[in-house]
Structures are given as structure tokens and as C-alpha cells.
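Below: one structure, written as C-alpha cells.
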Amino acid sequence: MTHPETRAVRVHTPALSGSSPMAVPIYQTSTFACDDPDACAGALRHPDHGYAYSRHANPTTRALEQLIADLEGSAASLASSSGMGAINSVLFGLLQPGDHVIAQGRLYGGTHGVLSDLARRFGIELSRMSGTGADELAAVLRPRSKMLYLETIANPTTEVADLPTLLAAGRAAGLVTVVDNTFATPVLCRPHEHGADVVIHSATKYLGGHDDVVAGVAAFADADLHRRVWQFAVNLGAVADPFASWLVLRGIKTLPLRMARHCENAGRLARLLAGHPQANNVRWPGLADHPSHALATRILDGFGGVLCFDHVGGRAAAAKFVARLRQATLAPSLGGPETLVLHPASSSHRELDARELRAAGIGEGTIRVSAGLEHFADLQADFEQALAA
Ligand SMILES: *Cc1c(COP(=O)(O)O)cnc(C)c1O
136 MTHPETRAVR VHTPALSGSS PMAVPIYQTS TFACDDPDAC AGALRHPDHG
186 YAYSRHANPT TRALEQLIAD LEGSAASLAS SSGMGAINSV LFGLLQPGDH
236 VIAQGRLYGG THGVLSDLAR RFGIELSRMS GTGADELAAV LRPRSKMLYL
286 ETIANPTTEV ADLPTLLAAG RAAGLVTVVD NTFATPVLCR PHEHGADVVI
336 HSATKYLGGH DDVVAGVAAF ADADLHRRVW QFAVNLGAVA DPFASWLVLR
386 GIKTLPLRMA RHCENAGRLA RLLAGHPQAN NVRWPGLADH PSHALATRIL
436 DGFGGVLCFD HVGGRAAAAK FVARLRQATL APSLGGPETL VLHPASSSHR
486 ELDARELRAA GIGEGTIRVS AGLEHFADLQ ADFEQALAA
């Protein structure tokens, strides 16, 4: 087995007569001329039987799906129009009314929203675990428990899920185990190795990596599971378009290099903030006092590019701090080349009241940082001047 750095640049490209392109061409076509009716029917019925219509399969998107499967160690994967497109394809493709879903308490806001909606309107039962322990999972299991839904690294608190323990317990209970691996990427963690049936990414973040595309992927340990979700995704229509797939393919070639730099800059910012009088409660899994540090050391090949901290001055001071930054930018999203900051209490988590914010580990002065690829000295100078106010 080769290393991620090698697999990231080894993309399957189509053979021409006597040569083949180094980059995957953008097959900007909605439909394909078929050799005969059987070939057409086969391509519409099966994800691996050629091409007939781009909602079902497209060669550029297929190259991305093969690359993701290579990197995650999956049987097959599915590219979608966004991370939420992948998440909805998996949830709607695999769940029936009456099924019970067990979800990690601290989930991406969009996922939290869909699961709540499924529970309210489609007869899905939902339990949220407050922590990440396997004993809590055992306590909420029911006869109709169907799915366990986790995130490798939680947003914005950077708590790491105990994947080996939770996934083993979930599989022992016969659950379909799903892990959103967006924050870790396959460079830092491959959840199939710990027993995940499904691995999801918002490719908008690190995989694409350049703040220029919205896309998602779902990868499957098992080809039958892939086939079921593929059929649903085709009907839902939440598939990736060829240009979006091409941008993600292009991004992934430098993913291992970029992740190394994101992790390095995040660690240096975390240490800078941990020693600064205006910052409290700095959270990054690489810090020795982080609640998940020992676990992260065991299951991650790097501690990630996201950190958060509390401005000691509370909400007003946090707002002033983000306004004073000159290199780092106030913006949602993460995983791009530029360092981005976000004030969760007034943006991504604005719908939570004070008690819910506390439960989510977010304070009035909490700031999330997605460390970019800049020279650290420039980031250091920027954070220091903005904190000195
Ligand atoms: C951004 C994000 C999503 C949603 O992805 P989109 O591409 O914005 O639809 C899902 N999960 C996590 C962890 C994310 O950060």
C-alpha cells in the first residue's frame, strides 16, 4: 500500500490511443451516445456499468470517486453537490420511518438540522449523546436502533470522538456506522480502519482546499451500501457536477502538503494564544491539556487545522478582535488557504440560547480559527496586534 502523498497525485485518467492525459479532462456533457439499448440501460441501473446520463455517472466525477475510495480505503464512493448533499443522500437512502438514530451531541449545524427535521416530520427516532463514551451508547440503544452518526473532530470545540471504541460498540449492536471526517481528512484519519461503514466529507473544506467549490462525498466500506445510497442520490439529484469534481480532484493533489501546514500553523497559533493574557480556554487536540489529547495522539496522524479560544473580554471584545485582524479574515467555512476566524455565538451557532451554547462548549467570547497556509510570523504579528487592543 502506498502512502497518502503518493495516492493523492495518482489519479485514474482515461487512455487515449498511445497516451493518456496527466489531468482528468472535464467531461462537460449531460448525456452520452450509447452503443446499444442494453449498454444504455446498464449504465442507468448500475454505478459501474459505463456512462449514459451525468446525473447517474460522469467520468470526471468517477475519477474523484475512485480517488476518495483510494484515500479512505473504501469499496466505492459517491460525489455530491455539497457536504449536505452527501449527508442527506446517506440519511434518506438508508433510514426508514421508525428507525432510531444515535448521534453525537455536538454535530455540524446543518446535520443537526436535518436530523431534527427527520425526527419531527418523518418518524425517525433520535437520541443525542452528550459525551463520547461507549457506556452512554449502550444506555440509549433500542430494538430499532439503526444508525450511529459521529464526527471525527467536533466543531468548534475540537473534541475528538473515540472512534475505535464507539464504532466497535455500534457494529456489535448491528448499527450502520457513519463518520463525518471533514475536519480530519483521510490524511489525518481513515475511519474505515476503526469500523466506519460510511465516511462523509464536505469537500468544500480541506479536500477542495481553495475556497472555490462547494461539493461533498460519501465513501462506503461495502459495495452494496454504496449501491443503495447511489440509487437514492441519483433520484434526489444531489450529484456533483463535472467542474466541481475537477476542482476537488485538483485540490486533493496537494492535500497532504496542505494538511501538514494547516496543522503546523494551528499548533503554533494555539501555543501563542495559550500563553497570551487575553486568551482563555484554548482548545486544539495537540495541546497536552486538551481533553482528547491522548486519544488524538492514538488515532490522528496530526492534530488538525482548527482551534478555538475564548477572548477574556467576552462578546464585545471578541467582536473587536475579529474586526481588527488584517491577515486573518472573518468568514464562515474552513480548510482554505487563508486563515479564517468566526464568532460562533453570533454566526454558526446563533440559534442556540445561553444554555445550549454552554452545552455545545461555546462561550460569548469564543472564537474559532481555521489556520491557513500563511507564514506563521505574519499570523503571529496579526493576532498579537488584534489582541493588544
Ligand atoms: C461544512 C460542513 C458540512 C456541510 O458541507 P457543505 O459542503 O457546506 O454542504 C458538513 N459537515 C461538516 C463537519 C462541515 O464542516
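Here the sequence shown is numbered in the working numbering, starting from 136 and rising by one per residue. By construction, the Cβ of each residue, glycine as well, lies at the ideal position given by its N, Cα and C atoms.
Per-residue DSSP class, three states only, for residue i
i: Thr-474; result: coil
i: Gln-239; result: strand
i: Arg-279; result: coil
i: Val-249; result: helix
i: Cys-398; result: helix
i: Ser-215; result: strand
i: Phe-444; result: strand
i: Val-146; result: coil
i: His-430; result: It is Leu, not His, that sits at residue 430 in the sequence shown. It is helical.
i: Ala-269; result: helix
i: Ile-502; result: strand
i: Gly-351; result: strand
i: Thr-300; result: helix
Nearest-angstrom Cβ-Cβ length linking residue i and residue j, presumed shorter than 8 Å
i: Thr-195; j: Trp-381; result: 5 Å
i: Thr-474; j: Ala-506; result: 6 Å
i: Val-275; j: Met-264; result: 7 Å
i: His-329; j: Pro-299; result: 5 Å
Residue i versus residue j: straight-line alpha-carbon distance, rounded
i: Thr-386; j: Gly-471; result: Per the sequence shown, residue 386 should be read as Gly rather than Thr. When rounded, the distance between both Cα atoms is 10 Å.
i: Asp-183; j: Phe-318; result: 29 Å
i: Arg-461; j: Asp-205; result: 39 Å
i: Leu-390; j: Glu-140; result: 8 Å
i: Arg-406; j: Leu-442; result: 11 Å
i: Asp-436; j: Leu-323; result: 4 Å
i: Gly-240; j: Ser-427; result: 16 Å
i: Ala-373; j: Ala-296; result: 28 Å
i: Ala-198; j: Ala-158; result: 10 Å
i: Cys-169; j: Ala-458; result: 57 Å
i: Ser-152; j: Tyr-162; result: 18 Å
i: Ser-251; j: Pro-172; result: 44 Å
i: Asp-423; j: Ala-431; result: According to the sequence displayed, residue 423 carries Ala and not Asp. Distance between the alpha carbons of Ala-423 and Ala-431 is about 10 Å.
i: Glu-294; j: Asp-359; result: 32 Å
i: Arg-277; j: Phe-518; result: 49 Å
Within 8 Å, strictly: CB atoms of residue i and residue j
i: Ile-237; j: Ser-262; result: yes
i: Thr-339; j: Ser-217; result: yes
i: Lys-281; j: Asp-332; result: no
i: Ala-414; j: Leu-514; result: no
i: Leu-478; j: Ala-494; result: Going by the sequence as given, residue 478 is His instead of Leu. Contact flag unset, no.
i: Ala-192; j: Ala-214; result: no
i: Gly-500; j: Arg-418; result: no
i: Leu-253; j: Leu-272; result: no
i: Gly-208; j: Pro-232; result: no
i: Gly-496; j: Thr-246; result: no
i: Glu-200; j: Ala-211; result: yes
i: His-361; j: Phe-367; result: no
i: Leu-283; j: Thr-312; result: yes
i: Ala-269; j: Leu-242; result: no
i: Leu-285; j: Val-314; result: yes
i: Leu-469; j: Arg-396; result: no
i: Asp-445; j: Gly-498; result: yes
i: Ala-401; j: Gly-440; result: yes
i: Val-383; j: Ala-353; result: no
i: Pro-467; j: Ser-481; result: no
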